[in-house]
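>
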Amino acid sequence: MCGIIGFIDKTKSPMDGSKIKAALSLMNERGSGDGAGYVAYGIYPDYADCYALHVFFDNMVEPKTKVDEILHRWGTVVHQEEIPTVEQPGLKRVHTPWRYFFKPFDDMIGGKVGSEKDIIKHIVMEVNASIDGALVFSSGKNMGVFKASGWPEEVADFYRIEDYEGYIWLAHNRYPTNSPGWWGGAHPFNLLDWSVVHNGEITSYGTNQRYVEGYGYKCTLLTDTEVVAYLFDLLGRQHELPTKTVVKALAPPFWDEIDRMPPAEEELHRAIRLTYGSALMNGPFAIVVASNEGIVGFTDRIKLRPLVVGENGDKLYISSEESAIRVLDPEVKNIRTPRAGEPIIGRFNA
Amino acid sequence: MSLGSIPPKYKVTIDREQCMDCGRCIENCSYGTFRREGDKILIQSRKCTGCLRCVSMCPRDAISLTENPVDYRSHPLWTREAREDIIKQARSGKIILAGMGNASNLPSIFDRLLLDACQVTNPSIDPLREPMELRTYIGKKPSKLEFKKTEAGDVELATKLAPNLKLETPIMIGHMSYGAISLNAHLSMAKAAKETGTFMGTGEGGLHRELYPYQGNMIVQVASGRFGVNVDYLERGAAIEIKIGQGAKPGIGGHLPGEKVSAEVSRTRMIPLGSDAISPAPHHDIYSIEDLVQLVRSLKEATEWKKPVFVKIAAVHNVAAIAAGIARSSADAVVIDGSRGGTGAAPKVFRDHVGIPIEGAIASVDQKLREQGTRNEVSVIASGGIRNSADLAKSIALGADAVYIGTAALISMGCRVCGNCYRGLCPWGIATQRQDLVDRLDPEQGARQVSNLIHAWTLELSELMGAAGINSIESMRGNRDRLRGYMLDEGILEVLDVKNAGA
Ligand code: SF4
Ligand code: SF4
C-alpha cells in the first residue's frame, strides 16, 4: 500500500502545505497511521546557500554535543533552532526535530572528499551510523523534510506544514509491512537535494545495498527506500548521469526490447545494464524523486504499483491516485498512467 | 602377504531365476566384474566400482548391487576407509589416487542456506506469464559510464565496452580436458552449450578438430603444462582461461596417464603418443601477481584484445585477497573452484582435505572486491560441487555472476560418480579413450541430456527468482538479503554475511 504524491510548479511559484495535506489525507486507506511525511523545496530563501540539516535528537545533551562537534570540525553553523512543532493528541512525540543551517569550510575539500556535497554526505553517514540518539533526515539546500510516525493530518499539524511555501512538494502516507514504523523509517528519505517517496518493496535491496555501500553510503534506516536516495546521489550526482539515464539504470527495458533497438540505442542500453546491473531495482514500486532541478516519477519494470500523472499549465502532479491529484487541483488536465519504467520528468522552465 | 586383502567394497549378485543369460553384463562391465565359465556367469565383486552400468543395462533387472556389510569392527574414528587406506599404503608405499569430488562427510553449507519467497505485499512473479531475465554478460565492465556532447548538442555514450561473453543462462560447463574425458563427451557438452546459449571449457587438452563448429561457445584453457596451446587455439576460443588451481586439488598440477594418450589425444594436446601429460604445480613463468599480469596481457595481445581472459583459482584460505589481486590484473573474470570440485584424478588427501567450500569463498571474494571497489568491473564465476538449481541460485545470491558445472554435466551424460575416472575404463564412455567404450556415448543423445539439464535448472532458477519477486538476474546477484542461514554457526554466518532463519 502506501500513498504518494508529488507536485512541481515549473515557474517556481510557491504553494503552501495545506493542499498537500488534504490530498495526502484523502489516501488514508493507503496508510496505517505508522508514518507520514512531507518535503518542500524553496522553503528557506533566507538561508538558500546553506545546507539545511534536519536532525532527530533523542535528547538534547549527549547526541547533540556529538553532532555539534562533527559540524564544527567540517564547517560553520550559520543558524540553528528547534523546528517549530505543535503537540498533537494522537501523535506520540519521540524525538526533538532540530535544524541547522550549515556551511562547510572550503579548505576541507581534498582527496576523496571532492566537493562540499561530499562533506555533507560524509557527515550524514557518520552521524547516522555512529551517533546513538541522533539522525539526520534531511540535508539539502533550501529544502526540508518533515516526517514522523502518525497519520498525514497529525504529522502536518505537528509541523504546521501549511506555514511552509514550496515550489516542489512530495508527500507520503505509510503502511509499513517489511520494517518497523518509526520516525526515521517514515518517508521522504533524503540525502542532499535528493528526496524520495516510495510505494512498494524493493526485492533487489540486498544487491542495491551492497552496491552503494561499496561507495561509502551506509544503510542505517532499516528500510529499503533509503537506498533509492543513495542510488540517485551516486548515479545522478557522482557519476553525472542525466536523470533519464538514472531511471533507465534503475528500471531498465527488458533485453527483448533492447535487442530490437537501433544499434546506437542498443549499445547505450546494454552499456547501462552491464555497468549498473547492481543498481537495477526489482520488486513492485512506484517512486517519486525530487531534487533542486525538478521531480521524476517512475514505476517498476512490470508496473506492479499504481502511478498517475496530471498536468495543468506549468504544474505537474504525480500520485498513487487520481483523486488525490484532483484535491490538489480540480482543474487538472491530461490525466494519464505512464507505462512501466517510463520516467515522468518535471523540470523548472529555463 | 601379511596384510591379506581388503574386503570388497560392493557385493554384486545375480538373481538366477530372472537372468536370461544374455551376457550383457559381461559386455558392459569394463572393469571385468563378470565373466562366463561354461554356461555360468561368474561374478567377481571385488572388481566392481559401483558404476551401475550392468544394473542399468540388464534387461531383466536381475542384478543387485549393495555396499558390502562392514567386515571390520565398527569404530567412529578408525573408519573402514581410514583402515583401508593404511593397508593400501602399507602395501604400495604410494600416494592414494581418487577421482571425482571431495568424498568426506563434511556438512554442506548450501543445504543450510534457505532461499526467500514473497507473500502478499510483494507479489511473486509468474515466469510463465512475465518476462524473466537470466541473460548474463561475463567480462570487464566499466565502473561508470561517460557521456560526451556531439556537435549537434546531443548526448552520446563515450564509454566503449570491453568484450564480454553473452550467456542466455548463468550456467556454464567447466573445464574438463580432452584426454581426461572422451571426444564424444566433449561433443555432447559442446553441442549442448551451443544449443542453450552458453559456454563450455576445453580444459587443458587443446581443441579437437571436431569441436571447431562449436568454437564460438568454447573457452580455451591455458594451464601450466601449456598442452595444445598455440595462437590458432587461442583464436578459436570465445574466451581464454588461465588455470592456476583446481578445487579438487589446490596447489598441485594435473596428471593424465599415458594410457589415455591415444593418437588423437596426442595430436590435439601436442604431446607424444602414450606419454604421461604432467602439468606442473605452478606455471613456471608465474611466481608473482606481476607475472600473472604479464601472462594475462600477453594472451590479450596475442588475440588483439578481442577476448575476455579469465583466471581460475582454487578456493583456499586466502582466496579473497588473491582474487582481489587478480581483479586488478586486467583479467576479465575470476573463477573460484570450491573444495567439492571434481577431477579425473587427484591424490585423495588433497581431494578430501585441502581448500574451502565454494559458499564461503564466493561470499568473501565478493565482499573483498566490493571493499576494494572492483566488484563491478570483474565477473565472478563459482564452481565446485553445484548439484542443483538451488545451489546455483544460492551461489548467485552469495555474489557469483555465473557458475560452472562439471560433475553435474557428467552425471547428465550417464556418470554414476563411481570415482574411477583415473583408470580410463569408464563404462559410460565418458572418462575413457577406449574406442569401444567411447562409442557407448552417442553425442546427439548426450547433447540432449546435457541441454535438458541446463534447461531444467534455468526454468527452476526463474521460478525461484519469480517467487522472490525478482525478474532479472542482476537483482539476484549478491542479494544476501534473500538468503537465511539455518543451523549455521555465527562464524559462518558472518563470513557469508547472511542473517539467521527467522531474522
Ligand atoms: S545382463 Fe542381466 S539378464 Fe543378462 S546375463 Fe547379465 S544378469 Fe543375466
Ligand atoms: S565418469 Fe565414468 S569413471 Fe568417472 S565417476 Fe563417472 S562413471 Fe565413474
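Read top to bottom, the protein sequences are chains A and B. Going by my numbering, the letters in the first sequence line up with residues 1 to 350, in that order. Going by my numbering, the letters in the second sequence line up with residues 351 to 853, in that order. All C-beta atoms, glycine included, are put in the ideal place defined by N, C-alpha and C.
#1: Which class does Gly-277 (chain A) belong to by DSSP, given the choice of helix, strand or coil?
#2: Check the Cβ-Cβ distances between Leu-268 (chain A) and every residue of chain B, and say whether any is below 8 Å.
#3: Under a criterion of Cβ closer than 6 Å to any non-hydrogen atom of ligand 2, which residues qualify, in chain order?
#4: Consider the Cβ of Thr-782 (chain B): report whether some Cβ of chain A lies at a distance smaller than 8 Å.
#5: Residues of the segment 485-503 of chain B in Cβ contact with chain A at a cutoff of 7 Å, in chain order, please.
#6: Does chain B have any CB closer than 8 Å to the CB of Ile-272 (chain A)?
#7: Determine, using beta carbons only, whether Trp-74 (chain A) comes closer than 8 Å to chain E.
#8: Do you know how far the Cα of Asn-455 (chain B) is from the Cα of Arg-433 (chain B)?
#9: Let me know the secondary structure DSSP gives Thr-416 (chain B) once reduced to three states.
#10: State the start and end residues of the unbroken alpha helix (DSSP H) segment that holds Asp-411 (chain B).
#11: Less than 7 Å between the CB of Cys-375 (chain B) and some heavy atom of ligand 1, yes or no?
#12: Quick check: does the Cβ of Asp-847 (chain B) come within less than 7 Å of any heavy atom belonging to ligand 1?
#13: Give the residues of chain B in contact with Trp-194 (chain A), contact being defined as C-beta atoms less than 9 Å apart.
#14: List the residues of chain A whose Cβ lies closer than 8 Å to the Cβ of Arg-830 (chain B), in chain order.
#15: Residues of the segment 690-719 of chain B in Cβ contact with chain A at a cutoff of 9 Å, in chain order, please.
#16: Helix, strand or coil for Glu-431 (chain B)? Go by DSSP, reduced to three states.
#17: Under the rule that 16 or more other beta-carbon atoms within 10 Å means buried, what is Met-837 (chain B), buried or exposed?
#18: Give a yes or no on contact between the segment 331-345 of chain A and the segment 360-380 of chain B, applying the rule of three or more CB pairs nearer than 8 Å.
#19: Does the beta carbon of Ser-680 (chain B) come closer than 8 Å to any beta carbon on chain A?
#20: Chain B partners of Trp-255 (chain A), CB-CB under 9 Å?
#21: Count the other CB atoms, across all protein chains shown, that sit within 10 Å of the CB of Gly-373 (chain B); report buried if there are 16 or more and exposed otherwise.
#22: Grab me the residues of Ile-161 (chain A)'s own chain with a C-beta within less than 6 Å of its C-beta, minus the 5 sequence neighbours each way, in chain order.
#23: Going along the segment 299-314 of chain A in order, which residues come within less than 8 Å of chain B, judged by CB to CB distance?
#24: Strictly under 8 Å for the Cβ-Cβ distance: is Glu-201 (chain A) near chain B by that measure?
#25: I want to verify the contact list: residues of chain B whose CB lies under 9 Å from the CB of Thr-177 (chain A), in sequence order.
#26: Whole angstroms are fine: how far does the CA of Asn-59 (chain A) sit from the CA of His-351 (chain A)?
#27: Name the chain B residues that come within less than 9 Å of Pro-330 (chain A), Cβ to Cβ?
#28: Looking at Asp-371 (chain B) and ligand 1, is the gap between the Cβ and the nearest heavy atom below 7 Å?
#29: Suppose contacts are defined by Cβ-Cβ distances below 8 Å. Is Gly-150 (chain A) in contact with Asn-190 (chain A) by that definition?
#30: Tell me which residue opens and which closes the beta strand (DSSP E) that Ser-733 (chain B) is part of.
#31: Below 8 Å between beta carbons is the criterion; list the residues of the segment 281-297 of chain A that meet it against any residue of chain B, in chain order.
#32: Kindly list the residues whose CB is nearer than 8 Å to the CB of Gly-31 (chain A), restricted to its own chain and excluding five residues on each side of it in sequence; keep chain order.
#33: When DSSP builds the beta bridges, which residues end up paired with Tyr-487 (chain B)?
#34: Ordered along the chain, which non-local residues of its own chain (more than five positions away) have a Cβ less than 8 Å from that of Ile-590 (chain B)?
#35: What do you get for Gln-439 (chain B), buried or exposed, if any count of 16 or more other CB atoms within 10 angstroms of its CB means buried?
#36: Using the Cβ count rule (16 or more neighbours within 10 Å means buried), how would you classify Glu-709 (chain B)?
A quick look at the data gives this:
#1: Taking the first sequence and counting its residues from 1, one reaches residue 277 (chain A) at position 277. The answer is helix: DSSP assigns Gly-277 (chain A) an H, G or I state.
#2: The residue given as residue 268 (chain A) occupies position 268 in the first sequence. Yes, Leu-268 (chain A) lies at the interface with chain B (some Cβ there is under 8 Å from its Cβ).
#3: Going down the chain, each residue whose beta-carbon is closer than 6 Å to a heavy atom of ligand 2 shows up: B:Cys-401, B:Gly-449, B:Met-450, B:Leu-760, B:Cys-765, B:Arg-766, B:Val-767, B:Cys-768, B:Gly-769, B:Asn-770, B:Cys-771, B:Cys-776, B:Trp-778, B:Ile-780, B:Ala-781.
#4: Locating residue 782 (chain B) in the second sequence gives position 432, where the first residue counts as 1. No, because no Cβ of chain A sits closer than 8 Å to the Cβ of Thr-782 (chain B).
#5: Residues of the segment 485-503 of chain B whose Cβ lies closer than 7 Å to any Cβ of chain A, in chain order: Arg-485, Tyr-487, Lys-491, Pro-492, Lys-494, Leu-495.
#6: As a first step, residue 272 (chain A) is located in the first sequence; it is residue number 272 there, counting from the start. Using a Cβ-Cβ cut-off of 8 Å, Ile-272 (chain A) counts as an interface residue toward chain B, since at least one Cβ of chain B sits closer than that to its own.
#7: Within the model displayed, chain E is absent; protein chains A and B are what it includes.
#8: The residue labelled residue 433 (chain B) in the question sits at position 83 within the second sequence. The residue labelled residue 455 (chain B) in the question sits at position 105 within the second sequence. Going from the Cα of Arg-433 (chain B) to the Cα of Asn-455 (chain B) covers about 16 Å.
#9: Along the second sequence, one-based indexing puts residue 416 (chain B) at 66. In this structure, Thr-416 (chain B) counts as strand in the three-state DSSP scheme.
#10: Taking the first residue of the second sequence as 1, we reach residue 411 (chain B) at position 61. If you look at Asp-411 (chain B), you'll find it isn't in any alpha helix (DSSP H); DSSP assigns it neither H nor E.
#11: Position 25 of the second sequence, counted from the first residue, corresponds to residue 375 (chain B). Yes, since a heavy atom of ligand 1 falls inside the 7 Å radius drawn around the Cβ of Cys-375 (chain B).
#12: If you number the second sequence from 1, residue 847 (chain B) lands on position 497. Incorrect: Asp-847 (chain B) has no Cβ contact closer than 7 Å to ligand 1.
#13: In the first sequence, the residue the question calls residue 194 (chain A) occupies position 194. Near Trp-194 (chain A) there are no residues of chain B at all, since even the closest Cβ is about 18 Å away, more than 9 Å.
#14: As a first step, residue 830 (chain B) must be located in the second sequence, where it is residue number 480. Taking the beta carbon of Arg-830 (chain B) as reference, the chain A residues within 8 Å of it are Gly-206, Arg-210, listed in sequence order.
#15: Cβ contacts with chain A: Asp-716, Gln-717, Leu-719.
#16: The sequence position of residue 431 (chain B) within the second sequence is 81, counting from 1. Glu-431 (chain B) falls in the helix class under three-state DSSP.
#17: To locate residue 837 (chain B), count along the second sequence from 1; it is residue 487. Answer is exposed; the Cβ neighbour count stays below 16.
#18: The segment 331-345 of chain A vs the segment 360-380 of chain B: no contact.
#19: By 1-based counting over the second sequence, the position of residue 680 (chain B) is 330. Using beta-carbon distances, Ser-680 (chain B) does not count as an interface residue toward chain A, since no partner is under 8 Å.
#20: In the first sequence, the residue the question calls residue 255 (chain A) occupies position 255. Taking a Cβ-Cβ threshold of 9 Å, the residues of chain B close to Trp-255 (chain A) are Pro-481, Glu-483, Arg-485, Ser-822, in chain order.
#21: Reading the second sequence from its first residue, position 23 is the one you call residue 373 (chain B). Gly-373 (chain B) is exposed by the Cβ-count criterion.
#22: Walking along the first sequence from the start, residue 161 (chain A) turns up at place 161. For Ile-161 (chain A), where only same-chain residues beyond five positions count, the Cβ hits under 6 Å are Gly-17, Lys-21, Tyr-38.
#23: Of all residues in the segment 299-314 of chain A, the ones placed with a Cβ closer than 8 Å to any Cβ belonging to chain B are Arg-301, Ile-302, Leu-304, in chain order.
#24: Indexing the first sequence from 1 puts residue 201 (chain A) at position 201. With 8 Å as the cut-off, Glu-201 (chain A) counts as an interface residue toward chain B.
#25: Counting from 1 along the first sequence, the entry for residue 177 (chain A) is found at position 177. What Thr-177 (chain A) touches in chain B: Val-470, Thr-471, Asn-472.
#26: Nothing can be reported for residue 351 (chain A), as the shown portion of chain A is limited to 1 through 350.
#27: To locate residue 330 (chain A), count along the first sequence from 1; it is residue 330. Ordered by position in chain B, no residue passes the 9 Å Cβ test against Pro-330 (chain A), which lies about 33 Å from the chain.
#28: The residue you call residue 371 (chain B) lines up with position 21 of the second sequence. Flag set: Cβ of Asp-371 (chain B) near ligand 1.
#29: For the purposes of this step, residue 150 (chain A) is taken as the residue at position 150 of the first sequence. For the purposes of this step, residue 190 (chain A) is taken as the residue at position 190 of the first sequence. No, they are not a contact pair.
#30: Counting from one through the second sequence, the residue named residue 733 (chain B) turns up at place 383. Annotation for Ser-733 (chain B): the continuous beta strand (DSSP E) segment containing it runs 729-733.
#31: Under the 8 Å Cβ criterion, the segment 281-297 of chain A contributes Met-281, Asn-282, Gly-283, Pro-284.
#32: Counting from one through the first sequence, the residue named residue 31 (chain A) turns up at place 31. So the qualifying residues of the chain are Met-1, Cys-2, Gly-3, Trp-151, Pro-152, Asn-173, Arg-174, Tyr-175.
#33: Translated into the one-based positions of the second sequence, residue 487 (chain B) becomes position 137. Note: Tyr-487 (chain B) sits in a beta bridge opposite B:Lys-516.
#34: The residue labelled residue 590 (chain B) in the question sits at position 240 within the second sequence. In the same chain as Ile-590 (chain B), and ignoring 5 residues on each side of it, the C-beta atoms closer than 8 Å to its own belong to Ile-569, Val-570, Gln-571, Val-572, Leu-584, Leu-649, Thr-653, Lys-657, Pro-658, Val-659, Phe-660, in chain order.
#35: Looking up residue 439 (chain B) in the second sequence gives position 89. By the neighbour-count rule (16 or more Cβ atoms within 10 Å), Gln-439 (chain B) is not buried but exposed.
#36: To locate residue 709 (chain B), count along the second sequence from 1; it is residue 359. So Glu-709 (chain B) ends up on the buried side.
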